[in-house]
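Those letters in the sequence shown? Residues 527 to 749, per the numbering used here, in order.
All C-beta atoms, glycine included, are put in the ideal place defined by N, C-alpha and C.
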Amino acid sequence: MIVVTHRTLRNPAILKVRQLPRKFFGRVTVWPRTRVGFWLYLRLIIEFQALRYALTLLPLILIGLSWNAMALPMAQAPILMVAMIWLVEMRLLRVPKARRARLIDAAAADRGLDLLRLQARAALTRIAAGRDMKRGELHLVIEQSELWRLPPLTYVSVQSEDGPKVIALSVEECAILREELFKAPLSERLLQRINQSQGVFLRDVTFDARGVSAHARLAAALG
Numbered sequence: 527m528i529v530v531t532h533r534t535l536r537n538p539a540i541l542k543v544r545q546l547p548r549k550f551f552g553r554v555t556v557w558p559r560t561r562v563g564f565w566l567y568l569r570l571i572i573e574f575q576a577l578r579y580a581l582t583l584l585p586l587i588l589i590g591l592s593w594n595a596m597a598l599p600m601a602q603a604p605i606l607m608v609a610m611i612w613l614v615e616m617r618l619l620r621v622p623k624a625r626r627a628r629l630i631d632a633a634a635a636d637r638g639l640d641l642l643r644l645q646a647r648a649a650l651t652r653i654a655a656g657r658d659m660k661r662g663e664l665h666l667v668i669e670q671s672e673l674w675r676l677p678p679l680t681y682v683s684v685q686s687e688d689g690p691k692v693i694a695l696s697v698e699e700c701a702i703l704r705e706e707l708f709k710a711p712l713s714e715r716l717l718q719r720i721n722q723s724q725g726v727f728l729r730d731v732t733f734d735a736r737g738v739s740a741h742a743r744l745a746a747a748l749g
C-alpha cells in the first residue's frame with residue numbers, strides 16, 4: 527500500500543484535482559519519495575504499458591535479430607503482434623469477464639467490502655478528530671491496479687470536497703491509514719480478488735466530519 531500525499535511523493539504536482547475522486551492509475555505516474563524495495567520499484571515499473579508491450583514483443587524481436595530471413599516476415603505481421611499483446615494484456619494479466627464470478631463468493635465479497643468501509647471510516651474518524659474538524663466531508667480513496675497475476679499495488683489517498691483537493695497528510699495520519707485500513711481478515715490481496723471479480727478498481731469511502739464522536743475527539747486530544 528502506498529499512501530499518496532504530498533510528503534510521500536517525488537512528484538506532488540500529480541495531486542492536482544479537478545473532480546473527486548482523483549484517479550491515478552492510467553493517468554499519472556506515482557513516484558514515492560522514500561526509498562522503496564526492489565520488488566515494489568519493479569512493480570511500479572510494470573505499470574508502464576509501453577514497457578509491457580515491449581516485453582511482450584521481445585521474442586519476435588529476438589527471432590528477427592537472430593534469423594535475418596525472418597526479420598521481414600515479422601515486420602510485416604502486425605496482426606501477430608496485436609494478437610500477442612491482446613493475449614498477454616487481456617488473458618494473462620487481466621481476468622476474462624467469464625471467469626470473474628468464480629474468483630470469490632458474492633457473500634464473501636460483500637463481507638470484505640463491509641470491512642473496507644468500516645475500517646476506512648475508523649481511519650477517517652481518527653484523522654478528522656485529530657484535525658478537530660467540525661464539518662465537511664472526507665473521502666478515503668482506495669485504488670488498485672487492474673493487473674491480476676501480479677502482487678497487488680494499492681494507492682490510498684484522503685481527498686476533500688473543499689477545493690477539491692488531495693489532503694496533505696502528516697506522518698501520524700499516514701501511520702493511521704497503515705494501521706487501520708488493512709487489518710485482518712481484510713488484506714490488499716483479498717481486496718484485489720474482490721475488485722477483479724466485480725471489475726471495480728476504485729473504492730471511495732466518504733465520511734462526514736459531523737459524525738466524529740466526543741470520545742474520538744477526546745482520544746485525539748489526549749493522544
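- Residue state for K709 is assigned as coil, using DSSP reduced to three classes.
- The region 678 to 696 makes contact with the region 546 to 553: 3 or more CB pairs, one atom from each, lie closer than 8 Å.
- Looking at the DSSP output, I528 sits in a beta bridge with Y681.
- The residue from Q724, V556 and G656 with its alpha-carbon nearest to that of I571 is V556.
- Between I668 and I702, the gap from beta carbon to beta carbon reaches 8 Å or more.
- A straight-line Cα-Cα distance of about 12 Å links K709 and R715.
- As a beta-bridge residue in DSSP terms, Q670 pairs with T680.
- Under the three-pair Cβ rule at 8 Å, the region 718 to 737 counts as touching the region 610 to 629.
- Around the beta carbon of R729, 16 or more other beta carbons lie within 10 angstroms, which makes this residue buried.
- Nearest to Q718 by alpha-carbon distance, out of Q645, H532, P604 and Y681, is Y681.
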